[in-house]
Amino acid sequence: MAIIVNLDVMLAKRKMSLTELSEKVDVTLSNLSILKTGKAKAIRFSTLEAICEALDCQPGDILEYREE
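Below, the structure is given as C-alpha cells:
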C-alpha cells in the first residue's frame with residue numbers, strides 16, 4: 588500500500604511554513620516533518636482535522652493512494 592502525503596504541496600499553495608502550521612495545529616515540528624516526508628506510519632483523525640482546518644482543505648488534498 589502506498590499512501591502519499593502531499594502536505595508540502597498544500598503548504599506551498601497556502602504560502603505557509605511548516606513552523607507556522609505547527610503553531611496553528613499544536614503539533615510538534617518534528618512530528619509534522621515526519622508526516623511531510625512520508626515516514627509516518629499513522630495519523631490521528633484529530634490531527635488530520637486540525638491540519639485541514641488550518642490549511643482550508645480536504646483530507647484528500649493531503650493524502651493520496653497510489654498502487655505500487
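Residue numbers 588 to 655, in my numbering, belong to the letters of the sequence shown in order. Don't be surprised by glycine CBs; every beta carbon is placed ideally from N, CA and C. A quick note: this is a predicted structure, and the numbers were derived from the prediction, not measured.
Spatial neighbours of residue i in its chain, beta-carbon cut-off 7 Å, leaving aside the 5 residues before and after
i       : result
Leu-674 : Look at the range of the chain in this structure, 588 to 655, and you will see that residue 674 is not part of it.
Leu-650 : Ile-590 and Val-592
Exposure label - residue i; buried when at least 16 CB within 10 Å
i       : result
Leu-622 : buried
Ala-599 : exposed
Simplified DSSP state of residue i, which is helix, strand or coil
i       : result
Ala-627 : coil
Glu-610 : helix
Glu-654 : coil
heavy atom of the ligand SAH below 7 Å from residue i C-beta
i       : result
Val-612 : Only the bare structure without any ligand can be found here, which leaves the ligand SAH out of the picture.
C-beta contact flag for residue i and residue j at 8 Å
i       : j       : result
Asp-643 : Asn-593 : no
Val-596 : Ala-641 : no
Cut-off 6 Å between Cβ atoms - residues of its own chain near residue i, not counting five sequence neighbours on either side
i       : result
Ala-637 : Val-612
Arg-601 : Leu-642
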